[in-house]
Amino acid sequence: MSIRTYLLSLRRNLFRREEVEQDLDAELRVYLDQLTDEKIAAGMSEAAARREARIEIGGVEQVKEEVREAKAGRLVGELWQDLRYGMRTLWRNRRFAVAALLALGLGIGATTSMFSVAYGILLRPLPYPDAGRVAVVGLRYYPRDNAFGTLCIRDFLTWRENNHSFEEPSLFQSMRMDVGGGEGAPEQVQGASVTAGFFNTLGVRPLIGRGFGPEEDAPATGSLVVIGEGIWRRRFSANAQVLGQSILVNGAPATVIGVMPAGFEFPRRETEVWTNLVLNPPTRYGPWFYRGVARLKPGVTFEQAQAETNNIGQRMMELNALYKRLSLPVLSLRDAMLGTTIKPAILVLAGAVGFVLLIAVVNVANLMLARAAVREREMALRLGLGAGRRRLVRQLLTESVLLALIGGALGLVLAWSGVEVIRAWNPGNLPFIESVRLDGGALCFTILVSTLTGILFGLAPALASARSDLNAVLKDGGRGASAGRARGGMRAALVISEVAISLMLLVGAGLLFRSFVKLNRADGGFSAPPRQVLTMLISPGNRKYGDAKAGAAFYEEVLRRVRGLPGVEMAAVTDSLPPDRQGDADTFVLEGQPLGPGELNPIVSAVTVGPDYFRALGIPVLRGRSFTRHDNPGSPPVAIVSEAFVQRFMANQDPIGKRLQQSGPGFGDNWMQIVGVVGNVKYLGLRVDADPAYYVPFLQSYGPRIFLVVRSSGDAETLSDAVRKEILSIDPGVTLAFISTMEQSLRQSMSQPRFDTLLLALFAGIALLLASVGIYGLIAYAVTQRTHEIGVRMALGASRADILRSIFRQGLTLAAGGIAAGLAGAFALTRLLQTMLFGVAPTDRLTFAVAPLTLLAVVLLASLLPALRATRVSPVAALRYE
Amino acid sequence: MPPTNLLQGTLDLLILKSLALAELHGLGIAHRIAQITNGTFQVKPGSLFPALHRMEEAGWLASEWGDSENNRRAKYYRLTAAGRRQFQTETRQWETIALAISSALQAS
Chain A
118 MSIRTYLLSL RRNLFRREEV EQDLDAELRV YLDQLTDEKI AAGMSEAAAR
168 REARIEIGGV EQVKEEVREA KAGRLVGELW QDLRYGMRTL WRNRRFAVAA
218 LLALGLGIGA TTSMFSVAYG ILLRPLPYPD AGRVAVVGLR YYPRDNAFGT
268 LCIRDFLTWR ENNHSFEEPS LFQSMRMDVG GGEGAPEQVQ GASVTAGFFN
318 TLGVRPLIGR GFGPEEDAPA TGSLVVIGEG IWRRRFSANA QVLGQSILVN
368 GAPATVIGVM PAGFEFPRRE TEVWTNLVLN PPTRYGPWFY RGVARLKPGV
418 TFEQAQAETN NIGQRMMELN ALYKRLSLPV LSLRDAMLGT TIKPAILVLA
468 GAVGFVLLIA VVNVANLMLA RAAVREREMA LRLGLGAGRR RLVRQLLTES
518 VLLALIGGAL GLVLAWSGVE VIRAWNPGNL PFIESVRLDG GALCFTILVS
568 TLTGILFGLA PALASARSDL NAVLKDGGRG ASAGRARGGM RAALVISEVA
618 ISLMLLVGAG LLFRSFVKLN RADGGFSAPP RQVLTMLISP GNRKYGDAKA
668 GAAFYEEVLR RVRGLPGVEM AAVTDSLPPD RQGDADTFVL EGQPLGPGEL
718 NPIVSAVTVG PDYFRALGIP VLRGRSFTRH DNPGSPPVAI VSEAFVQRFM
768 ANQDPIGKRL QQSGPGFGDN WMQIVGVVGN VKYLGLRVDA DPAYYVPFLQ
818 SYGPRIFLVV RSSGDAETLS DAVRKEILSI DPGVTLAFIS TMEQSLRQSM
868 SQPRFDTLLL ALFAGIALLL ASVGIYGLIA YAVTQRTHEI GVRMALGASR
918 ADILRSIFRQ GLTLAAGGIA AGLAGAFALT RLLQTMLFGV APTDRLTFAV
968 APLTLLAVVL LASLLPALRA TRVSPVAALR YE
Chain B
23 MPPTNLLQGT LDLLILKSLA LAELHGLGIA HRIAQITNGT FQVKPGSLFP
73 ALHRMEEAGW LASEWGDSEN NRRAKYYRLT AAGRRQFQTE TRQWETIALA
123 ISSALQAS
């Protein structure tokens, strides 16, 4: 058949269907008439002739159907027919459709958006070639054992000499940098000091210019700098002439040799300037400010590299008696950039959203089962009237797919806005958040899962029951058949699992919420109202302030002028700030403290503060005195210790008058006399218990870059402009960063817990909603099924209360089963939340009591409507219903 | 002899043959086939009409409504040029097959 005639027929069949149908109908009618005529002519009576003719034809409708099947565009035509029928069915069963679409949309939307986030943060390849083969290496030993480890130059050299697993390793250190030159005032940016192989290791080519050459970390190399695309556009108008120019980095000239593209965000997201780290031969161990980065040699695995690095660690311990319990974690680039808190949180949230998908799927299955029961009769009837089984399957499939497509579209919209919301909520510490976008794979997966479920649970029972025994089904009226009872059991099991899963999510959300509330009330150790504290990091940006004398004079002036501003009550300097800006941390030696040979005290916060710091923040001075302006280089060295410090290291002693020594490298024989004890302050985040701390006076431990703390009488935020102007009027070369009130800092520090809590609560809410729809559906269906029974009971004298009780009992049975299973699941799973909790046990009794009650209330509410409907059943109507 | 089931594809050939001399309506075609096969093949409407519509869509047949012998309006089918060519092709094919089968059956 030629394409043309086919298309012509197709067009006719599809678009002039009425005409084609009428034509066919007329043709067959004529055939019947002609046949009848013949039989009359042969001597039959008219009635007999007509009957015989009909029998001979064998069913006009069947013949029509067979002709239609033979026609071009049959599939397309039927699809269209099925779609229209499906739409009509959905419209007629609006309540069913809304419930199913809600489940599908919410399930697909929530799952896809969360999976997109998880993929973007945990899995999407980093923008560095073959980034999976780049490792970050640090060194952990007691007492310096922060999670990922750090290195000092000497360790690095040992590692480099003994390394065979990696290509040329390089060393880097993150630090704040003042950048001057080009347009505008000097500014403070995030920078990094890196050795020669750094850019090669990461495999990113500069936009223009070059990275550091092989020998450019050797001693006596000049100061070189590679700048980021952002700062290049901002300060140098994206001019290529910048190459070879000298700019100011931390007040010293450095020659620009290259510009890195905007996507290059290592070691930190916000890093904008890289200077060459000069490897001067170290004379001793420390400071441990650095970390190593290296690319695996071809064919070497992470495990092999870790094994070799462990051996190098052994060697390091032999070389240095101070290293105890030393390990050298070899981390993937992603793990190193993610930090310790994000990955578990994302995994927990992704797991939670997996539960939401499960509930959505269960709900769809449930609704489909309910529909299958209702349609059993329809299917049997249509089969009885001559519909082909394949045709019916196709039609049910069309309906399921139609439902899934609409649900999927809804889910797509929700997922898209979900991703936008999550990006907007970004707690600020989520790296790679900008690479998070709607993930097509996740979307397809969730749509597929939901559709398959719908098909499986809708199609199979409808057809199976229709196949089993048409007569039974038709007679039975779809009520009380054994297939129906089995299905009822299955639906109950589905609802019970929905309740159980919702309960687990609810418990998880409850725990996070309780923990969040506690965290919100957590005591940072200071009593100043957070709204009345303004803080900022000052960096003088000029090398002359590197000198303690000039610097002290500068800060003296800053404090004098700021204190003079209207609204300012107090001002002070510090190198650390609550809740999470620890400046320095070091070990120490207490005079007369018995320590074994080679033994060290743990590392604790070592805070440098000026006079008025404790008063400005409202940190109580419990014993002795605070620092004054007389604690200067000319007076005896003094220190103040925290309450926790006394409890842990000086229990049963009077700390006042005792002597303390900072024992990190470079502190020499500098005994400081303890003159006071202050309250505990949190410098490592609100969720961490305040670590012991010792304080030293600013003038005796000068550093040019320091935080200014301003205590105001009113809203501190309104002061920030005035304070900034005042400082810049002293020296316009000064740079200021991290300008924020204490209130903002606290909020920022709460952002990740807030994010986790909100998302988990949202997921639990969706789960609860879906579960209540499921329960409502089941009970409502049961009430419809039992109308007759209820009628009989009421006719026999049952009161409304009896009926109500019987319906509620059904809801409660389901809830009880689900709650029991859910509590068991929650006990098993909430342990995974441990690291995310603050001040709340994973088996918190209150949460484990309130969550089931909430769920119970929801179940009762969901049963209420159908139960009330049952009490309104009129016995007469119910009996006639039969 | 009871009516034989039509071989797949044979129906098309018989319809083409029955229309080779004159145009006919559905019942006419059924009668004509019964006549030329000496009553061996009794075509039921359930097979006839799907075949007619399929062949019409294939372009082998054309149809139009006309008056029947006893003044009823009926749909008449006739062969198109393509239908005649198809008739010749299928006849040749049939002859080849028939020859092959009968020689196969006579082989000793």
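Line by line, the protein sequences are chains A and B. Our numbering puts the first sequence at residues 118 to 999. Our numbering puts the second sequence at residues 23 to 130. Ideal Cβ placement from N, Cα and C applies to all residues, glycine included.
- For residue 72 of chain B, the secondary structure class from DSSP, reduced to helix, strand or coil, is helix.
- Taking a C-beta distance under 7 Å as the contact criterion, residue 474 of chain A and residue 226 of chain A do not qualify as a contact pair.
- Fully contained in the region 842-926 of chain A are the following alpha helix (DSSP H) runs of length 4 or more, in chain order: 859-866, 868-902, 904-912.
- Between residue 388 of chain A and residue 307 of chain A, the beta carbon gap of about 5 Å places them in contact (Cβ cut-off 8 Å).
- The residue from A:316, A:253, A:334, A:332 with its alpha-carbon nearest to that of residue 326 of chain A is A:316.
- CA-CA distance, residue 96 of chain B to residue 87 of chain B, rounds to 5 Å.
- Residue pairing by DSSP places residue 47 of chain B opposite B:98 in a beta bridge.
- According to the DSSP assignment, residue 643 of chain A belongs to no alpha helix (DSSP H), since it is labelled neither H nor E.
- With a 10 Å radius around the Cβ and a threshold of 16 neighbouring Cβ atoms, residue 242 of chain A comes out exposed.
- The alpha-carbon of residue 976 of chain A is positioned some 54 Å away from that of residue 267 of chain A.
- Note on geometry: alpha-carbon atoms of residue 281 of chain A and residue 418 of chain A lie some 12 Å from one another.
- Residue range 447-449 is occupied by the beta strand (DSSP E) that includes residue 449 of chain A.
- Leaving aside the five residues that flank residue 534 of chain A on each side, none in its chain has a CB nearer than 7 Å to its CB.
- Between residue 567 of chain A and residue 481 of chain A, the C-beta gap is smaller than 7 Å, which places the two residues in contact.
- Here residue 179 of chain A carries a helix assignment [DSSP, helix/strand/coil].
- Pairwise C-beta distances place the region 825-844 of chain A in contact with the region 643-657 of chain A, as three or more of them are shorter than 8 Å.
- If you ignore the 5 residues before and after residue 891 of chain A, its C-beta comes within less than 6 Å of the C-beta of 480, 483, 612, 615, all in its own chain and listed in chain order.
- CA-to-CA, the gap between residue 444 of chain A and residue 422 of chain A works out to about 13 Å.
- Judged by beta-carbon spacing, residue 451 of chain A lies beyond the 7 Å limit of residue 284 of chain A, meaning their Cβ atoms are not closer than that value.
- Comparing C-alpha distances from residue 523 of chain A to each of A:203, A:158, A:852 shows the shortest one belongs to A:203.
- Contact between residue 839 of chain A and residue 682 of chain A holds, since their C-beta atoms are separated by about 5 Å, short of 8 Å.
- Going by DSSP, residue 441 of chain A is part of no alpha helix (DSSP H) but of the beta strand (DSSP E) stretching over 441-444.
- Ranked by Cα distance from residue 954 of chain A, the first of A:870, A:989, A:430 is A:870.
- In terms of beta-carbon proximity, residue 518 of chain A stays away from the interface with chain B, with every pair separated by 7 Å or more.
- The residues 245, 246, in chain order, have a CB closer than 6 Å to that of residue 320 of chain A in the same chain once the five nearest residues on each side in sequence are set aside.
- Around the beta carbon of residue 416 of chain A, a 10 Å sphere encloses fewer than 16 other beta carbons of the protein chains shown; the residue is thus reported as exposed.
- Here residue 814 of chain A carries a strand assignment [DSSP, helix/strand/coil].
- Residue 555 of chain A carries a coil assignment under DSSP once its states are collapsed to helix, strand and coil.
- Counted as a single uninterrupted DSSP element, the alpha helix (DSSP H) harbouring residue 349 of chain A occupies residues 346-353.
- Collapsing the DSSP output to three states places residue 419 of chain A in a helix.
- Take residue 877 of chain A, set aside five residues on each side of it, and the residues of its chain with a beta-carbon closer than 6 Å to its own are 469, 625, 626, 629, in chain order.
- DSSP, reduced to helix, strand and coil, places residue 652 of chain A within a strand of the structure shown.
- Between residue 855 of chain A and the set A:778, A:122, A:825, A:538, the nearest pair of CA atoms involves A:825.
- The three-state reading of DSSP puts residue 763 of chain A in helix, counting H, G and I together.
- Check the Cα spacing between residue 834 of chain A and each of A:677, A:920, A:922, A:684: the tightest is with A:684.
- Nearest C-alpha to residue 720 of chain A among A:727, A:732, A:706, A:726: A:706.
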